[in-house]
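A.B. asks: Got a structure for you, written out below as structure tokens; questions coming shortly.
Chains as they are written, first to last, in this note's numbering: chain A, 1 to 326; chain B, 1 to 371.
Structure below.
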């Protein structure tokens, strides 16, 4: 069952529930009548799919997916906690720490095994960096710079991604959970020092940022600069400056480069995780195959996601204006 | 003053919205047909409304909106509705809004494309006959939109139509971003860049529009920039900013604009519909996994008309997008009418915007921090 008939639910979860998770029939709950009518038209003749206006109060599902705007995650999670075997919650887990903590409390004791869709946990490249750091292969890690961004092109069906009420924010709330989760695969702890955003979040209710920069400190002594954008073509890399090498990891696929000196190094793909060239579909496949199908939610539980939610809320609370944009 | 801005999330529309927000006493309300393009406008504290572009008649304009600025241009089939039907629907929406509010005025941003096909050395004025070729769907729909709106009762008293020439500036896809990306990827092939144009900055178009909000005057006006340049001069400005790539002449590369482009457009329109089917997505994804990355990009461009090669992916490749005969042809309009009626309006030359374009390039295409 999928709650939310938007692009992520219908275009990405639906085919994997059918083909990878073995679900024979999928129910899609879409409260918006117009959107539901459009889905009915699109999926006409499909017997493996049922469209519903609201969540049935008596049924039980083998897998349930919450793919609504984040504002509604907590209430649906509370409803579904005892009524499915596996519960997938789209990122961000929740728009506020209070909501996220309430969800963790509910889901810790739930019948459902919960997964937060931090798809990039399926990549092996950041685990490689963690291992290299722990073994001291390249010496001390001096600095990290992460830049993730492209011109927004998501097949958004509604204003959800651009509504502070529904989404809780802009690019930080949207891309941030993924990018922070990548860093949390390398570090035990991330502390926020400062944040900058290109929307004045204090002047009204509607403006949301297209750009965000965070100054973080990892594990007490490693400075991390994180940039996120919805309107800039950033390099989509995380650059780890070690004493003896620079490791550059692509944040959207599984490739990395190790450079010991200018022009001397190697480029490759860690053995763990999927191939180097990934589109969003392949990343979804990898997430389902690695976590959902075998029922292994280590690293992707709601409790694991709490650190990211706390960092994001703290960043919105202290954000300063980001100048220089257009 | 409350102003409805259709297409306010696109390049030129957003530029105008930004200028309007910076001006005193103007409250823009942005109408957009797609949530995909809202990243920039959503940064501002303003009212954004989504509307179905294939059913613009469903929009109900508030009675306190006395001015509508239209940047939107439907040019592909949406929701099963052709571009022509969308144009007609938009005209009906405007007609109804005008009936409800007789104070309503319209500024419609058209294009110099209405004069296609151009002629060497000829400055087309606003009274020229509009006869775009059958295969030029973009130009034909621009003409149809103008005609449908001008056919509304008393249009000459409450409508201002503007026909800007080549417009460039931040977030302009065609005449700014694609040039940066082309040179950023390597060398750019051309057959002839001798055609002459009169480029105008988006900021100058916005400045003119802002002035018209307070001093509205109906009419039809060409909007050329202040100088006549060859495409080669125009391209060189962008190449110098990127500081990469060369222009490589390939005189045999130019192919005449043919009916094939028309059919390619129709094929793309069909593919846009087909690709919404989940079965197509599944098949396409499984095929794509067996193709090299460049093959996938090629198929995307062929079938969907998008997915331009990202600069890094295409590093070192020879860009062949600018081989068309189009760039060897003059596209010139007369600016006599706008100069006579608006003597205070003085658009600025490209050189005045070079520093801003360079700053934009750094913003748009590098990891430079602005914190």
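From the three backbone atoms N, C-alpha and C, an ideal C-beta is built for every residue, glycine too.
These figures come from a predicted structure and were not determined experimentally.
Exposed or buried, what is residue 164 of chain B when buried is set at 16 or more other beta-carbons lying within 10 Å of its beta-carbon?
C.D. replies: As a working mapping, residue 164 of chain B is identified with position 164 in the second chain. It counts as buried.
A.B. asks: Which residue's Cα is closest to the Cα of residue 393 of chain B: B:69, B:25 and B:114?
C.D. replies: Chain B is shown only over 1 to 371; residue 393 of chain B falls outside these bounds and no answer can be derived.
A.B. asks: Taking C-alpha atoms, which residue in A:101, A:118, A:133 and A:83 lies nearest to residue 111 of chain A?
C.D. replies: What you label residue 111 of chain A is simply residue 111 of the first chain in a count that begins at 1. When only C-alpha atoms are compared, the closest one is A:83.
A.B. asks: Of all the CB atoms in chain B, is at least one closer than 8 Å to the CB of residue 75 of chain A?
C.D. replies: Taking the first chain and counting its residues from 1, the one referred to as residue 75 of chain A is at position 75. No, no contact with chain B.
A.B. asks: Specify, as a first and last residue, the run of the alpha helix (DSSP H) that residue 41 of chain A falls within.
C.D. replies: Position 41 of the first chain holds residue 41 of chain A. Looking at the DSSP string, the run of the alpha helix (DSSP H) that includes residue 41 of chain A is 33-42.
A.B. asks: Our contact map puts residue 348 of chain B next to residue 201 of chain B with C-beta atoms below 8 Å; I'd like the distance itself, whole angstroms only.
C.D. replies: In the second chain, counting from the first residue as 1, residue 348 of chain B sits at position 348. In the second chain, counting from the first residue as 1, residue 201 of chain B sits at position 201. Yes, they are in contact, since the Cβ atoms of residue 348 of chain B and residue 201 of chain B sit about 6 Å apart, within 8 Å.
A.B. asks: Would you tell me roughly how many angstroms separate the C-alpha atoms of residue 10 of chain B and residue 144 of chain A, rounded to the nearest one?
C.D. replies: On the second chain, residue 10 of chain B is found 10 positions in, with the first residue counted as 1. On the first chain, residue 144 of chain A is found 144 positions in, with the first residue counted as 1. For residue 10 of chain B and residue 144 of chain A, the distance between alpha carbons rounds to 35 Å.
A.B. asks: Can you have a look at residue 197 of chain A and say buried or exposed, based on whether 16 or more other CB atoms are within 10 angstroms of its CB?
C.D. replies: Along the first chain, one-based indexing puts residue 197 of chain A at 197. Residue 197 of chain A should be labelled buried.
A.B. asks: Looking at residue 110 of chain B: is its Cβ nearer than 8 Å to the Cβ of residue 319 of chain B?
C.D. replies: Residue 110 of chain B sits at position 110 when you count from the first residue of the second chain. Residue 319 of chain B sits at position 319 when you count from the first residue of the second chain. Not in contact: residue 110 of chain B and residue 319 of chain B (Cβ atoms no closer than 8 Å).
A.B. asks: Can you name the residues of chain E whose CB is closer than 7 Å to the CB of residue 204 of chain B?
C.D. replies: Given the protein chain composition of this structure (A and B), no chain E is represented.
A.B. asks: Whole angstroms is fine: what's the gap from residue 355 of chain B's alpha carbon to residue 363 of chain B's?
C.D. replies: As a first step, residue 355 of chain B must be located in the second chain, where it is residue number 355. As a first step, residue 363 of chain B must be located in the second chain, where it is residue number 363. The alpha-carbon atoms of residue 355 of chain B and residue 363 of chain B are separated by roughly 12 Å.
A.B. asks: What is the DSSP secondary structure of residue 293 of chain A, reduced to helix, strand or coil?
C.D. replies: In the first chain, counting from the first residue as 1, residue 293 of chain A sits at position 293. Residue 293 of chain A: coil per DSSP, three-state reduction.
A.B. asks: Does DSSP put residue 95 of chain A in a helix, in a strand, or in coil?
C.D. replies: For the purposes of this step, residue 95 of chain A is taken as the residue at position 95 of the first chain. If DSSP states are grouped into helix, strand and coil, residue 95 of chain A belongs with coil.
A.B. asks: What is the DSSP secondary structure of residue 197 of chain A, reduced to helix, strand or coil?
C.D. replies: Along the first chain, one-based indexing puts residue 197 of chain A at 197. Strand, per DSSP.
A.B. asks: Contact criterion: CB-CB distance below 8 Å. Does residue 38 of chain B meet it with respect to chain A?
C.D. replies: Mapped onto the second chain, residue 38 of chain B falls at position 38. Interface residue, yes.
A.B. asks: Just verifying my parser: in three-state terms, what is the DSSP assignment at residue 2 of chain B?
C.D. replies: Stepping through the second chain from its first residue, residue 2 of chain B is reached at position 2. Here residue 2 of chain B sits in strand by DSSP.
A.B. asks: Could you say which of A:177, A:316, A:284 and A:224 lies nearest to residue 307 of chain A if we only look at CA atoms?
C.D. replies: Start at 1 with the first residue of the first chain, and residue 307 of chain A comes out as number 307. With distances taken between Cα atoms, residue 307 of chain A lies closest to A:177.
A.B. asks: Residue 210 of chain A and residue 239 of chain A - do their beta-carbons sit closer together than 8 Å?
C.D. replies: Here residue 239 of chain A refers to the residue found at position 239 of the first chain. Here residue 210 of chain A refers to the residue found at position 210 of the first chain. Taking 8 Å as the Cβ cut-off, residue 239 of chain A and residue 210 of chain A do not qualify as a contacting pair.
A.B. asks: Take every Cβ of the segment 59-70 of chain A, pair it with every Cβ of the segment 37-45 of chain A, and state whether three or more of those distances are shorter than 8 Å.
C.D. replies: no
A.B. asks: Grouping DSSP H, G and I as helix and E and B as strand, with all else coil, what is residue 208 of chain A?
C.D. replies: On the first chain, position 208 is the one that residue 208 of chain A refers to. Of the three classes helix, strand and coil, the one that applies to residue 208 of chain A here is coil, per DSSP.
A.B. asks: Check whether the Cβ atoms of residue 49 of chain A and residue 29 of chain A sit closer than 8 Å, and answer yes or no.
C.D. replies: Taking the first residue of the first chain as 1, we reach residue 49 of chain A at position 49. Taking the first residue of the first chain as 1, we reach residue 29 of chain A at position 29. Cβ distance not < 8 Å, so residue 49 of chain A and residue 29 of chain A don't count as in contact.
A.B. asks: Give me, in chain order, the residues of the same chain whose beta-carbon lies closer than 7 Å to that of residue 12 of chain B; leave out the 5 immediate sequence neighbours on both sides.
C.D. replies: Translated into positions along the second chain, residue 12 of chain B becomes position 12. Counting only Cβ-Cβ distances below 7 Å, and skipping sequence neighbours, we find 71, 109, 167, 202 and 205.
A.B. asks: Rounding to the nearest angstrom, what Cα-Cα distance links residue 5 of chain B and residue 188 of chain A in this structure?
C.D. replies: Mapped onto the second chain, residue 5 of chain B falls at position 5. Mapped onto the first chain, residue 188 of chain A falls at position 188. For residue 5 of chain B and residue 188 of chain A, the distance between alpha carbons rounds to 48 Å.
A.B. asks: Go to residue 61 of chain A, then tell me how far its beta strand (DSSP E) extends in each direction, as first and last residue.
C.D. replies: In the first chain, the residue the question calls residue 61 of chain A occupies position 61. Start and end: 61-66.
A.B. asks: Got a sec: is the Cβ-Cβ distance from residue 213 of chain A to anything in chain B below 8 Å?
C.D. replies: By 1-based counting over the first chain, the position of residue 213 of chain A is 213. Closer than 8 Å to some Cβ of chain B, the Cβ of residue 213 of chain A qualifies, so yes.
A.B. asks: Please classify residue 271 of chain A as buried or exposed, where buried requires at least 16 other C-beta atoms within 10 Å of its C-beta.
C.D. replies: Within the first chain, the letter at position 271 stands for residue 271 of chain A. With fewer than 16 Cβ atoms within 10 Å of its Cβ, residue 271 of chain A is classed as exposed.
A.B. asks: Mind checking residue 42 of chain B: buried by the 16 CB within 10 Å criterion, or exposed?
C.D. replies: Stepping through the second chain from its first residue, residue 42 of chain B is reached at position 42. Counting of Cβ neighbours within 10 angstroms places residue 42 of chain B among the buried residues, the total reaching 16 or more.
A.B. asks: Between the segment 35-54 of chain B and the segment 301-316 of chain A, do three or more beta carbon pairs fall short of 8 Å?
C.D. replies: no
A.B. asks: Candidates A:147, A:260 and A:323: which alpha carbon is nearest residue 233 of chain A's?
C.D. replies: Position 233 of the first chain, counted from the start, is the residue given in the question as residue 233 of chain A. For residue 233 of chain A, the nearest C-alpha among the options comes from A:147.
A.B. asks: In chain B, what lies closer than 9 Å to residue 162 of chain A by C-beta?
C.D. replies: Here the question's residue 162 of chain A lines up with position 162 in the first chain. Contacts between residue 162 of chain A and chain B, judged by CB atoms closer than 9 Å, involve 35, 38, 39, 41, 42 and 48 in chain order.
A.B. asks: Under a Cβ-count criterion, where at least 16 other Cβ atoms within 10 Å of its own Cβ denotes burial, should residue 366 of chain B be classed as buried or exposed?
C.D. replies: Counting from one through the second chain, the residue named residue 366 of chain B turns up at place 366. The residue in question, residue 366 of chain B, is exposed, as its Cβ has fewer than 16 Cβ neighbours within 10 Å.
A.B. asks: Per DSSP, what kind of secondary structure is residue 321 of chain A in: helix, strand or coil?
C.D. replies: The residue labelled residue 321 of chain A in the question sits at position 321 within the first chain. In the structure shown, residue 321 of chain A sits in a strand (DSSP, three-state: E or B).
A.B. asks: Cα separation between residue 311 of chain B and residue 100 of chain A?
C.D. replies: If you number the second chain from 1, residue 311 of chain B lands on position 311. If you number the first chain from 1, residue 100 of chain A lands on position 100. Note that residue 311 of chain B scores a pLDDT of 41, beneath 50, so its modelled location is shaky; the value from the coordinates is reported in the next line. Their Cα atoms are separated by approximately 39 Å.
A.B. asks: Going along the chain, which unbroken runs of the alpha helix (DSSP H) with 4 or more residues stay wholly within the segment 124-198 of chain A?
C.D. replies: 125-135, 164-167, 171-174 and 176-184
A.B. asks: Buried or exposed: which applies to residue 27 of chain B, given that a residue is buried once 16 or more other Cβ atoms fall within 10 Å of its Cβ?
C.D. replies: As a working mapping, residue 27 of chain B is identified with position 27 in the second chain. Exposed is the call here.
A.B. asks: Considering only the alpha carbon of each residue, which of B:99, B:321, B:88 and B:121 lies closest to residue 61 of chain B?
C.D. replies: To locate residue 61 of chain B, count along the second chain from 1; it is residue 61. Nearest C-alpha to residue 61 of chain B: B:99.
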